[in-house]
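Heads up, the sequence shown is in my numbering, so the first residue is 3 and it goes up one at a time.
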Amino acid sequence: MAGMRWARLKADLNLKLRRGAWYRIQDVGPLEAVVEVNNRPMPVPSAFLQIVETPPRRWTVVPRPANAVRMPDTWKHYAVCPSCRERAPLVRRPPVMECPRCRGIFEVGWDETYSPEL
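Next up, the structure:
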């Protein structure tokens, strides 16, 4: 995976990307990055992305978006799996979670949440 980079939204915007999910970067420029979404390239303004060079290995904690669909109303916050992008409910404040989809076990990135009140 040398030379690969990953990106996730760092703003609460509706850009057809899952908030908190990491995507492989195909190309990045000063104004726009092209990320891989469902095996297809998608251009996204670079200013709205957090870009890293190390594969993410922690759950991302995300507050429920105001315009959320297909998500239970009881989920005020949720976690996004770093491996498969599955969303999972947060019960209390676990340090580690198992993904219900891929069965990966990862730490929860509480120190890098989108919401400081967590």
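Cβ coordinates follow ideal geometry from the N, Cα and C atoms, glycine included.
Once DSSP output is grouped into helix, strand and coil, what is the label at residue i?
i: Glu55; result: coil
i: Trp8; result: strand
i: Trp24; result: coil
i: Asp113; result: helix
Taking the CB atoms as reference points, tell me whether residue i and residue j lie closer together than 8 Å.
i: Val110; j: Arg72; result: no
i: Arg26; j: Trp8; result: yes
Suppose the cutoff is 7 Å on Cβ atoms and the five residues either side in sequence are ignored; what does the same chain contact list for residue i look like?
i: Pro97; result: Glu109 and Val110
Kindly indicate the opening and closing residues of the beta strand (DSSP E) around residue i.
i: Trp61; result: Arg60 to Pro65
i: Phe108; result: Ile107 to Val110
i: Ala35; result: Glu34 to Val39
Less than 8 Å between C-beta atoms, sequence neighbours within five positions excluded: which residues of the same chain meet that for residue i?
i: Pro39; result: It should be noted that the sequence gives Val, not Pro, for residue 39. Counting only Cβ-Cβ distances below 8 Å, and skipping sequence neighbours, we find Lys18, Leu19 and Tyr25.
Original post:
Counting pairs of beta carbons, one from the region 25-34 and one from the region 46-54, are three or more of them closer than 8 Å?
Top reply: These segments touch.
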